[in-house]
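Listed in order, the protein sequences are those of chains A and B. Under this note's numbering, think of the first position of the first sequence as 493, with each following residue one higher. Under this note's numbering, think of the first position of the second sequence as 461, with each following residue one higher. Structure first, commentary second.
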Amino acid sequence: NAGVTQTPKFRVLKTGQSMTLLCAQDMNHEYMYWYRQDPGMGLRLIHYSVGEGTTAKGEVPDGYNVSRLKKQNFLLGLESAAPSQTSVYFCASSPGTGNAFFGQGTRLTVV
Amino acid sequence: AQRVTQPEKLLSVFKGAPVELKCNYSYSGSPELFWYVQYSRQRLQLLLRHISRESIKGFTADLNKGETSFHLKKPFAQEEDSAMYYCALDSGSARQLTFGSGTQLTVLP
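Here it is as structure tokens:
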């Protein structure tokens, strides 16, 4: 049982490059989320989705876009990476009970 | 707007000593609160939720609406309790979680 899987685990980007982070869950959860984790700031919500084909902005959405074309996948895109986007990114899914299941994280460095 | 505050970034206790990790929240509605834990090199996982009123790994947390607090307690800390602990508030129609900044707990031998 894989749970929530994030791809890739590590990535180094140059300023201005683009990339997509993939999150896949096999628990048939409706809700999916993207968070970023920065030292001293905890986890902050970037975007979320309440079902296939829906997305919404979280607390810190600027510089990111998302898509949820399939229920099991939630993609996070960076169109033009900036050093301020250096962070650890976590995807999570939830059946709607507030109990979220997290991926293992993606460590992104923008140089 | 909802907010979760964990005043201690770092907390060290000796093995066998009691431990309390503080969490305060602000929220206009009826709060649902959680504690999540992240052990070294592992993913973030749910430790406990206030609704279930259970004890997990010896930890308990009581919701105090008057003091808007949800402190995590354990009477006798163990070395394997060393981890990062996050308090979280379920705050929206999409059940999104608002997290505190976390407390790194170190249990010394």
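Glycine included, C-beta positions come from ideal geometry on N, C-alpha and C. No experiment lies behind these values; they were computed from the predicted model shown.
Can you name, in chain order, every residue of its own chain whose Cβ lies under 8 Å from the Cβ of residue i, other than the five neighbours on each side?
{"i": "residue 493(B)", "result": "483, 485, 509, 510, 521, 523, 530, 547, 548, 549, 550"}
{"i": "residue 506(A)", "result": "573, 602, 603"}
{"i": "residue 560(B)", "result": "464, 465, 466, 483, 546, 547, 548"}
{"i": "residue 501(A)", "result": "596, 597, 598, 599"}
Quick one: Cα of residue i to Cα of residue j, how far?
{"i": "residue 503(A)", "j": "residue 598(A)", "result": "8 Å"}
{"i": "residue 471(B)", "j": "residue 515(B)", "result": "21 Å"}
{"i": "residue 548(A)", "j": "residue 475(B)", "result": "44 Å"}
{"i": "residue 477(B)", "j": "residue 595(A)", "result": "32 Å"}
{"i": "residue 461(B)", "j": "residue 518(B)", "result": "32 Å"}
{"i": "residue 591(A)", "j": "residue 509(A)", "result": "34 Å"}
{"i": "residue 467(A)", "j": "residue 563(B)", "result": "Here chain A comprises residues numbered 493 to 603, so residue 467(A) is not present and cannot be evaluated."}
{"i": "residue 543(B)", "j": "residue 501(B)", "result": "10 Å"}
{"i": "residue 586(A)", "j": "residue 473(B)", "result": "33 Å"}
{"i": "residue 556(B)", "j": "residue 538(A)", "result": "11 Å"}
{"i": "residue 513(B)", "j": "residue 532(B)", "result": "12 Å"}
{"i": "residue 527(A)", "j": "residue 535(B)", "result": "32 Å"}
{"i": "residue 589(A)", "j": "residue 488(B)", "result": "19 Å"}
{"i": "residue 468(B)", "j": "residue 533(A)", "result": "12 Å"}
{"i": "residue 522(A)", "j": "residue 527(B)", "result": "34 Å"}
{"i": "residue 531(A)", "j": "residue 514(A)", "result": "23 Å"}
{"i": "residue 543(A)", "j": "residue 571(A)", "result": "23 Å"}
Would a C-beta distance cut-off of 9 Å place residue i and residue j closer than the cut-off?
{"i": "residue 576(A)", "j": "residue 567(A)", "result": "no"}
{"i": "residue 545(A)", "j": "residue 561(A)", "result": "yes"}
{"i": "residue 540(A)", "j": "residue 550(A)", "result": "yes"}
{"i": "residue 537(B)", "j": "residue 567(B)", "result": "yes"}
{"i": "residue 529(A)", "j": "residue 579(A)", "result": "yes"}
{"i": "residue 503(B)", "j": "residue 496(A)", "result": "yes"}
{"i": "residue 491(B)", "j": "residue 539(B)", "result": "no"}
{"i": "residue 506(B)", "j": "residue 541(B)", "result": "no"}
Quick one: residues in its chain with C-beta nearer than 6 Å to the C-beta of residue i, no 5 flanking neighbours on either side, listed in chain order?
{"i": "residue 569(A)", "result": "512, 557"}
{"i": "residue 608(A)", "result": "Past the edges of chain A, shown from 493 to 603, lies residue 608(A), and the structure says nothing about it."}
{"i": "residue 558(B)", "result": "462, 464, 549, 551"}
{"i": "residue 481(B)", "result": "532, 545, 563"}
{"i": "residue 525(B)", "result": "none"}
{"i": "residue 479(B)", "result": "473, 534, 537"}
Which residues in the same chain as residue i place their Cβ atom closer than 7 Å to its Cβ, once the five residues preceding and following it in sequence are excluded?
{"i": "residue 564(A)", "result": "516, 517, 518"}
Less than 8 Å separating the Cβ of residue i from some heavy atom of the ligand ADP?
{"i": "residue 557(A)", "result": "In terms of ligand content, the structure shown is empty, and the ligand ADP therefore cannot be addressed."}
Discussion item. Quick check on the DSSP output: what are the complete beta strand (DSSP E) runs of length 3 or more inside the segment 516–598 of chain A, in order along the chain?
Written reply: For the segment 516–598 of chain A, the full-length beta strand (DSSP E) segments reaching 3 residues or more read 523–530, 534–541, 557–559, 565–570, 579–586 along the chain.
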